[in-house]
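Residue numbers (our numbering): 53 to 163.
This is how it looks when you write it as structure tokens:
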């Protein structure tokens, strides 16, 4: 009976991770649709050399934003704000989001 409960819990956890991953993918795809100039961006964890890093305490930040063609500072700032808004939303809605975002680079897919 306990084994069956563990399988159900593992299955529920797996479904939650898959749902969170699908939500991240959908939100990022919508971001790229709203920002045609955005070609990609990375999300990294802040690393502190003087203290141990625990994943639950990490602060995430956006790096390596790719934009083409070159835009004004105001347009760049607008795209950065849109990225930040999407990430904040994901982090507040999904507990798995930090793990799914950390260390990832998101790039526009061209078909």
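Positions of the beta carbon are idealized from the N, C-alpha and C atoms, including for glycine. The model shown is predicted, which means the values in this text are computed figures rather than measured ones.
Using DSSP bridges, identify the partner residues of residue 119.
-> The count along the chain shown starts at 1 and reaches residue 119 at position 67. For residue 119, which the question treats as bridged, DSSP gives the partners 90.
In the DSSP assignment, what are the bridge partners of residue 96?
-> The count along the chain shown starts at 1 and reaches residue 96 at position 44. Note: residue 96 sits in a beta bridge opposite 113.
Ends of the beta strand (DSSP E) at residue 160?
-> In the chain shown, the residue the question calls residue 160 occupies position 108. Residue 160 -> no beta strand (DSSP E), and no H or E assigned at all.
Could you check if residue 80 is buried or exposed, using at least 16 other CB atoms within 10 Å of its CB as the buried criterion?
-> As a working mapping, residue 80 is identified with position 28 in the chain shown. The residue is buried, with at least 16 neighbouring Cβ atoms inside 10 Å.
May I ask which residues mark the beginning and end of the alpha helix (DSSP H) holding residue 145?
-> By 1-based counting over the chain shown, the position of residue 145 is 93. 125-145 is the span of the alpha helix (DSSP H), which, as asked, contains residue 145.
Compute the Euclidean distance between the alpha carbons of residue 113 and residue 141, then round it to the nearest angstrom.
-> Here residue 113 corresponds to residue number 61 of the chain shown, with the count starting at 1. Here residue 141 corresponds to residue number 89 of the chain shown, with the count starting at 1. Whole-angstrom Cα-Cα distance: 14 angstroms.
Stretch-stretch touch, CB-based, cutoff 8 angstroms, three pairs: the region 141-154 with the region 124-133 | no
Of the residues 160, 162, 152 and 65, the one placed nearest residue 96, counting alpha carbons only | For the purposes of this step, residue 96 is identified with residue 44 of the chain shown, where counting begins at 1. The candidate whose alpha carbon is nearest that of residue 96 is 152.
Spatially closest choice to residue 160 from 73, 126, 71 and 118, by CA coordinates = The residue labelled residue 160 in the question sits at position 108 within the chain shown. For the residues 73, 126, 71 and 118, the minimum Cα distance to residue 160 belongs to 118.
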